[in-house]
Amino acid sequence: MCEGIEIACLPATTLQRALRERRLSPVELTRACLNVYEKLNPALNALVTLNERVLEEARALETKPPKGLLYGLPVGIKDTTDTRELRTTYGSPAYRDHVSDRDAEIVARLKAAGALILGKTNTPAFAVGGETTNAVFGATRNPWDITRSPGGSTGGGAVAVATGMVALADGTDLGGSLRMPASFCGIVGLRPSPGIVPEDSVSFLRDRLSVAGGLGRTAGDVGLFMRAVAGPYDARPLPYPAHHPGFVLPELRANMRLGYCDHLTDLEPAPVVAATCRSAINSLKSRSISVKSVDLSLTDAPRAFAVLRAHHLLAVHRNRLNQPEAAGEHLTQNLSEAQSYSALDLADAELVVDKILRTFRRVFQEVDFLLTPTTAVLPFRLSVGYPRRIENTVLSTYYDWFAPTSVLSLTGLPVASVPCGLSPEGLPVGMQIVGKPCQEAAVLALATLMQEWCPISLPPILQQL
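My numbering puts the last residue of the sequence shown at 511; the count rises by one with no breaks.
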């Protein structure tokens with residue numbers, strides 16, 4: 047392995063302790079991450095804009111006491127999240143040279159916690175897509191197999207975290223944009239409840255579908271990230287839960303009750319995904335954990351998500367209705383689709399969401415957590431663009447394949463994707479953990495146990511260094 051790779055790939059929580067105890071300096075860690083970046087980014091294309099001042103900022107940080115929750119930790123920022131004095135393109139040619147005059151609130155909080163912004167991570171145009179490619183920077187590649195996709199839309203962040211280019215990364219999740227890349231890259235991604243983390247990349251204040259969250263190599267890392275960025279935000283006043291328990295991971299009850307659902311909708315996972323997830327469930331059962339099968343059959347949820355997602359995108363991107371080159375293929379398609387839906391379609395979708403919420407209320411009377419596969423497929427070839435078929439099911443749109451994550455976005459519940467094993471060909475498979483309202487920390491606590499009980503290796507590309 048190249049110099050510093052062992053350091054760069056340590057959990058962020060381990061690095062945090064070493065930095066605070068002065069056993070590791072911000073400069074040493076930043077150099078280790080930059081070394082990985084220089085070796086791997088030309089092949090992977092995870093980071094698209096490097097902060098050329100990051101070593102200078104690390105040296106300045108060394109002159110200060112090791113304060114701040116994220117003191118000295120290099121982080122990646124999604125290229126849809128504004129950063130002052132560092133280019134933000136939104137993955138669109140129209141913004142190729144755009145530099146914001148302000149930091150997004152989540153960036154400001156990361157900096158206030160002592161984090162070092164190492165660079166911007168790749169995303170499809172305006173974060174619309176289940177893969178990570180755009181007309182400005184091209185495609186990001188999966189570190190487990192560079193011919194495959196890392197998922198999207200936070201694919202650049204997931205690859206950067208998985209390979210040690212950064213310790214942590216931010217991201218957004220509307221239909222699975224944190225969870226799908228986490229699954230495809232073998233790391234942990236958390237979609238928190240709406241209003242927990244500020245997201246000022248969304249231009250209307252009452253949106254509850256798109257949320258901001260974090261990516262880490264471990265569930266504990268994501269908990270660390272969340273402690274730094276979560277909290278009320280006056281500029282976008284979604285109600286922050288008055289009695290939210292915070293993000294210190296609790297000790298779970300030995301007699302906790304888990305539910306497992308193989309597929310939430312009519313879209314069944316590919317056999318290799320189902321087998322890997324069932325193997326993980328059997329591992330839990332072998333430790334005397336109670337796991338019961340749960341049948342949800344949310345067959346009308348994908349249609350409801352399609353309508354509400356289109357409505358969301360039209361509200362945010364209405365000014366791009368006649369700008370197909372700037373908007374990109376997927377967003378242009380969605381804006382056209384949104385105009386085809388009627389008020390009755392929107393009303394029907396809201397009624398379906400109400401039905402889904404009632405279903406989950408019933409489920410959580412019987413179990414403490416619900417587990418389900420993050421994706422229905424393994425990481426797919428870059429040349430495919432997106433899956434057109436899963437076994438005998440033909441998919442008609444680019445977003446049909448991420449029904450396992452998008453359905454859960456409708457609930458507003460905290461959901462994490464955690465690695466649960468490798469396929470026979472050595473590709474990571476993720477499991478979603480769905481928690482009760484505001485129980486993000488409990489979800490991450492269970493994810494921690496899952497990582498202990500179902501460990502996976504580092505991406506093979508690291509072994510080649």
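Quick reminder that beta carbons are idealized off the backbone N, C-alpha and C, glycines included.
Bear in mind the structure is a predicted one, so any value in this text is a computation, not a measurement.
- Judged by DSSP secondary structure, V480 falls within the beta strand (DSSP E) whose first and last residues are P474 to V480.
- Secondary structure remark: continuous beta strand (DSSP E) runs of at least 3 residues inside the stretch 322-348, in chain order: 336-339.
- Of the residues assessed, K401 falls on the exposed side of the cut-off, its CB having fewer than 16 other CB atoms within 10 angstroms.
- Contact check for S71 and E98: beta-carbon distance about 20 Å, past the 8 Å limit, so the pair fails to qualify.
- Every beta strand (DSSP E) stretch that sits fully inside the stretch 414-477 and reaches 3 residues is listed by chain position as 415-419 and 461-468.
- Uninterrupted beta strand (DSSP E) stretches at least 3 residues long and entirely within the stretch 103-181 occur at 120-124 and 162-167, given in chain order.
- Secondary-structure assignment with DSSP links R77 through no beta bridge to anything.
- When only Cα atoms are considered, A106 and A320 end up about 49 Å apart.
- Taken through DSSP and simplified to helix, strand or coil, D394 comes out as helix.
- In this structure, A350 keeps its C-beta atom at 8 Å or more from the C-beta atom of A422.
- In this structure, G202 is the residue among I502, A89, G202 and A161 with its C-alpha nearest to the C-alpha of G137.
- When C-alpha distances from C484 are compared across N168, P433, D414 and Q369, the shortest belongs to D414.
- The straight-line gap separating the alpha-carbon atoms of G472 and L56 is approximately 21 Å.
- If only complete runs of 3 or more residues are kept, the stretch 243-297 shows the beta strand (DSSP E) at 257-262, in order along the chain.
- Cβ neighbours of S469 within its own chain (closer than 7 Å, five residues either side excluded): V318, T322, L424 and V475.
- Listed as beta-bridge partners of D219 by DSSP are V257.
- With a cutoff of 8 Å on beta-carbon distance, V257 and P227 are scored as not near each other.
- H363 sits buried, since 16 or more C-beta atoms from the chains shown fall within 10 Å of its C-beta.
- Each of P139, G118, N81 and R148 was checked against the Cα of T127, and the nearest Cα belongs to R148.
- Contact between the stretch 202-214 and the stretch 74-88 is present: 3 or more CB-CB pairs across the two stretches fall below 8 Å.
- In this structure, the straight-line span from the alpha carbon of A274 to that of G241 is close to 15 Å.
- Comparing alpha-carbon positions, the option among H144, A491, Q497 and Y387 lying closest to G292 turns out to be A491.
- Under the three-pair Cβ rule at 8 Å, the stretch 379-391 does not count as touching the stretch 186-203.
- For G305, there is no enclosing alpha helix (DSSP H); the enclosing beta strand (DSSP E) has its first and last residue at R303 to Y306.
- By the beta-carbon neighbour count (other beta carbons within 10 angstroms, threshold 16), T443 is exposed.
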